[in-house]
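Enquirer: Quick note on the UniProt record's numbering: the sequence shown kicks off at 1 and runs consecutively.
Backbone N, C-alpha and C define an ideal beta-carbon position, used for all residues, glycine too.
The structure presented is a predicted model; accordingly, all values stated were derived computationally and were not measured.
Quick one: the structure is below, and I'll ask about it shortly.
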Amino acid sequence: MLFLVRMDVNIPHDLPVEQANEIKAREKAYSQQLQQDGRWKNLWRVVGEYANYSLFDVESNDELHTLLSQLPLFPFMKIHVTPLAQHPSAIA
């Protein structure tokens, strides 16, 4: 199942820099692991924002929820998920 996911990150300004950097390092490692195993298909930055659009290919809604909720930055994110289906005019 394909999902387009927008993630907007809002790290509190009063979070200590060292703690924020540690969370970001764990986030990078986790996201790269998911990219390498093929479940996180694409990752694009939104220009001028601390946000991204990502394409996930997972088995179920529950799997996607689990993956997203395990993101180290999850507590600081607003996430919008759009399920995708093949378009009949697409050249596959």
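Quick check on the burial criterion: 16 or more other C-beta atoms within 10 angstroms. Buried or exposed for TRP44?
Expert: To locate residue 44, count along the sequence shown from 1; it is residue 44. It is exposed - the Cβ of TRP44 has fewer than 16 other Cβ atoms within 10 Å.
Enquirer: Quick one: what does DSSP say ASP14 is sitting in, helix, strand or coil?
Expert: The count along the sequence shown starts at 1 and reaches residue 14 at position 14. Coil at ASP14, not helix or strand.
Enquirer: Run through the region 4-58 for me and flag every whole beta strand (DSSP E) of 3 or more residues, listed as ranges in chain order.
Expert: The qualifying runs are 40-45, 51-57.
Enquirer: Compute the distance between the beta-carbons of PHE3 and LEU71, then report whether it is under 7 Å.
Expert: Start at 1 with the first residue of the sequence shown, and residue 3 comes out as number 3. Start at 1 with the first residue of the sequence shown, and residue 71 comes out as number 71. No, the Cβ-Cβ distance between PHE3 and LEU71 is not below 7 Å.
Enquirer: Which whole-angstrom value is the C-beta distance of ILE79 and LEU68, which I expect to be below 8 Å?
Expert: Position 79 of the sequence shown, counted from the first residue, corresponds to residue 79. Position 68 of the sequence shown, counted from the first residue, corresponds to residue 68. Correct: roughly 6 Å between the Cβ atoms.
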